[in-house]
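0 is the number of the first residue of the sequence shown in numbering that gives the first Met the number 0; add one for each residue after it.
Don't be surprised by glycine CBs; every beta carbon is placed ideally from N, CA and C.
Since this is a predicted model, take the numbers as computed values, not measurements.
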Amino acid sequence: MIESTMMHFPLTLTHVLDRAARLFGTSEIVSRLPDKSLHRHTYRDFHARAIALAGALQRLGLKKGDRVATLMWNHYAHLEAYLAVPCAGGVLHTLNLRLHPDDIAYIARHAGDRFLIVDDVLLPLFEKFREQAAFEHVIVVPLSGAAVSAGDDYEKLLAERFPFVPPELEENDPAGMCYTSGTTGRPKGVVYSHRSIVLHSLATAMADYLGLSNRDTVTPVVPMFHVNAWGLPFTALMVGAKLVMPGPHLDAVSLLDLYEAEQVNVTAGVPTLWHGIQQALDREPQRWRLVPGMRMIVGGAACPEALIRGLDRHGVRVIPGWGMTETSPVGLFNFTKREMADDDDASDASYARRAKAGVPLPFFEVRALADGREVPWDGDTMGELEVRGPWVAASYHDEPGSGEQWSADGWFRTGDIATIDAAGYVKITDRIKDLVKSGGEWISSIDLENALAAHPAVQEAAVIAVPHPKWGERPLAVVVAKEGASVTSEALHAHLSSFAAYARPAAYVFVAEIPRTSTGKMMKAKLREAYKDWRWT
Ligand code: ADP
Numbered sequence: 000m001i002e003s004t005m006m007h008f009p010l011t012l013t014h015v016l017d018r019a020a021r022l023f024g025t026s027e028i029v030s031r032l033p034d035k036s037l038h039r040h041t042y043r044d045f046h047a048r049a050i051a052l053a054g055a056l057q058r059l060g061l062k063k064g065d066r067v068a069t070l071m072w073n074h075y076a077h078l079e080a081y082l083a084v085p086c087a088g089g090v091l092h093t094l095n096l097r098l099h100p101d102d103i104a105y106i107a108r109h110a111g112d113r114f115l116i117v118d119d120v121l122l123p124l125f126e127k128f129r130e131q132a133a134f135e136h137v138i139v140v141p142l143s144g145a146a147v148s149a150g151d152d153y154e155k156l157l158a159e160r161f162p163f164v165p166p167e168l169e170e171n172d173p174a175g176m177c178y179t180s181g182t183t184g185r186p187k188g189v190v191y192s193h194r195s196i197v198l199h200s201l202a203t204a205m206a207d208y209l210g211l212s213n214r215d216t217v218t219p220v221v222p223m224f225h226v227n228a229w230g231l232p233f234t235a236l237m238v239g240a241k242l243v244m245p246g247p248h249l250d251a252v253s254l255l256d257l258y259e260a261e262q263v264n265v266t267a268g269v270p271t272l273w274h275g276i277q278q279a280l281d282r283e284p285q286r287w288r289l290v291p292g293m294r295m296i297v298g299g300a301a302c303p304e305a306l307i308r309g310l311d312r313h314g315v316r317v318i319p320g321w322g323m324t325e326t327s328p329v330g331l332f333n334f335t336k337r338e339m340a341d342d343d344d345a346s347d348a349s350y351a352r353r354a355k356a357g358v359p360l361p362f363f364e365v366r367a368l369a370d371g372r373e374v375p376w377d378g379d380t381m382g383e384l385e386v387r388g389p390w391v392a393a394s395y396h397d398e399p400g401s402g403e404q405w406s407a408d409g410w411f412r413t414g415d416i417a418t419i420d421a422a423g424y425v426k427i428t429d430r431i432k433d434l435v436k437s438g439g440e441w442i443s444s445i446d447l448e449n450a451l452a453a454h455p456a457v458q459e460a461a462v463i464a465v466p467h468p469k470w471g472e473r474p475l476a477v478v479v480a481k482e483g484a485s486v487t488s489e490a491l492h493a494h495l496s497s498f499a500a501y502a503r504p505a506a507y508v509f510v511a512e513i514p515r516t517s518t519g520k521m522m523k524a525k526l527r528e529a530y531k532d533w534r535w536t
């Protein structure tokens, strides 16, 4: 019998916080405030303030496992809460400020939130659900500089420098929680551990994935209330990158101004956001001096190939990744493997590969199942994507009866339909609920949407399943034309001639906009409802 002689060293965020000050004290954190001015401080300041916040929370009575909610934009104080709360033994619960106030209240109660840290500019929203939630302590961040009356003043609390007594932390202790955005059902809570966040940070930071380093300047545009801004704040702090936080200004021009001013070279967000950026760059290609080869990480929904091509023309590299609230979120990330490195980067095959969701991270395992059997990795056969790994949820918080989301042998059923090719690239073709089943064939709505989006007159398109008397369902394309452009159904149908006849939309409708969820995804359920009585001719 032999035992390992290695130390038991817990994987906790305390290490990330200490490291930030010890090794990267001079790294900068820049935040854009509501009045558009820039707030600047260093990791050293950040560390001192996070410790002061941890002390203040303890003084207010925070006990291990207590939930501390945040209702905040992306900025320095949110970052302080990201580390202070878990390091004080609390559980950071980021509330999605784009949800309906009733839903925010439901989620806060369901999570059992005791504390709330809220931006002063979000107090009008908070007032709409304050009565329905049950916070014992409210701390207000004076972002706009106005006097605070709705709760404790964040800055005054920090200035007290209450002593912080670090609690004993185990790596499996809860550190944060997030609710699914509810695109396909009621929001459900996932509780992350110190260990899962640390491992997720280490894996995503690797060169082939986010490839984050101390020399990068990173802007998470994805909100910090959307699955920990995909872990970027933790990963960036771990490597000591410069962080540039956009605050509440998320329009394309504001973001491009910020990218240029701070020379940002890595940013992340949902596809709709990058559409806006591409349009602004197309309109005024000479206006901004961006860092050449700037990387834009796209996630949350499938990345249209047209977006990758469109931004390539401006020297911006779009890189898709895939994830879910239940997977912390990153599980797949797209990079060019050595065996493909010599391919012509501008070929159609290369673009098709670059638009896939990506290759699994180390310790993140994938399989796709159809009719209870694993489908081959042939890049063609579709199946439901199942995943497992140390940063994948094994259950939901306080949600009895949700066990069917996990297979008998312990894999998480994602509800996404995918193909996996021989090189391990996963392509998401649909969500199960969005799949079109026509005459026994599965039709990928995402493939059709991306092909439609590549038409020069199309801004964006959603393809939905509509009941059909003969075929069960047929695809209907809901199309938004580009401003000033006009296009016909016939032209679009001809544009899709590479698809099999049965797989092309059976009809096209033109609308001014497609409804979106709180996290920027197309609300297909709403579209299906709107067109359920469609009369096929
Ligand atoms: P919700 O499930 O409520 O929308 P999430 O934010 O957890 O909340 O979304 C996860 C889902 O987003 C995935 O199941 C998938 O359908 C979609 N998604 C994320 N990244 C991608 C991607 N690269 N390609 C296609 N779909 C994606």
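Taking 7 Å as the cut-off, is the CB of residue i close to at least one heavy atom of the ligand ADP?
i      : result
Ser180 : yes
Lys241 : no
Trp405 : no
Gly320 : yes
Thr203 : no
Lys520 : yes
Pro514 : no
Val435 : no
Ala348 : no
Asp415 : yes
Cys302 : yes
Gly298 : yes
Ala356 : yes
Val226 : yes
Ile419 : no
Using the Cβ count rule (16 or more neighbours within 10 Å means buried), how would you classify residue i?
i      : result
His274 : buried
Trp535 : exposed
Glu79  : buried
Lys355 : buried
Val265 : buried
Gln57  : buried
Ala421 : exposed
Gly402 : exposed
Gln277 : buried
Gly322 : buried
Met176 : buried
Val220 : buried
Ala8   : It is worth fixing the name first, because residue 8 is Phe in this sequence and not Ala. So Phe8 counts as exposed.
Met244 : buried
Gly160 : A small correction: the amino acid at residue 160 is Arg; Gly does not occupy that position in the sequence shown. Per the 10 Å Cβ criterion, exposed.
Rounded to the nearest angstrom, what separates residue i and residue j at their Cα positions?
i      : j      : result
Val297 : Met237 : 22 Å
Val120 : Leu157 : 19 Å
Ala351 : Glu304 : 7 Å
Thr4   : Leu12  : 24 Å
Trp390 : Leu289 : 34 Å
Phe332 : Phe224 : 21 Å
Leu198 : Gly210 : 15 Å
Trp410 : Pro359 : 15 Å
Ile445 : Pro474 : 11 Å
Gln404 : Thr413 : 8 Å
Arg430 : Val508 : 22 Å
Ala500 : Pro319 : 29 Å
Pro562 : Lys523 : Residue 562 is absent from the model: the chain starts at 0 and stops at 536.
Ala47  : Leu70  : 22 Å
Pro580 : Glu373 : The structure shown does not extend to residue 580, since the chain is modelled only from 0 through 536, so no value can be given for it.
Leu52  : Gly309 : 44 Å
Arg337 : Leu384 : 25 Å
Ala456 : Leu61  : 56 Å
Thr25  : Arg129 : 39 Å
Ends of the alpha helix (DSSP H) at residue i?
i      : result
His492 : Ser488 to His494
Ser192 : Ser192 -> not in any alpha helix (DSSP H); beta strand (DSSP E) instead, spanning Gly188 to Ser192.
Ala524 : Lys523 to Ala529
I'd like to confirm something about residue i: is its beta-carbon nearer than 7 Å to some heavy atom of the ligand SAM, or not?
i      : result
Arg430 : Only the ligand ADP can be found as ligands here, which leaves the ligand SAM out of the picture.
Ends of the beta strand (DSSP E) at residue i?
i      : result
Leu272 : Careful: Leu272 lies outside any beta strand (DSSP E), inside the alpha helix (DSSP H) at Pro270 to Arg282.
Ile513 : Looking at the DSSP string, Ile513 is not in any beta strand (DSSP E), and its letter there is neither H nor E.
Leu475 : Gly471 to Ala480
Pro219 : Thr216 to Pro219
Gly309 : No beta strand (DSSP E) holds Gly309; the alpha helix (DSSP H) holding it covers Glu304 to Asp311.
Thr418 : Phe411 to Ile419
Met295 : Arg294 to Val297
ask   = Taking the runs of the alpha helix (DSSP H) that are 4 residues or longer, which of them lie wholly in the segment 423-454?
value = 444-452
key: Uninterrupted beta strand (DSSP E) stretches inside the segment 61-121 (no shorter than 3 residues)   = 66-70, 90-93 and 112-118
request  = Can you check the segment 0-41 for any beta strand (DSSP E) of at least 3 residues that lies completely inside it and give the ranges in chain order?
outcome  = 27-31 and 37-41
Alpha helix (DSSP H) segments (min. 4 residues) lying fully within the segment 133-201 = 153-158
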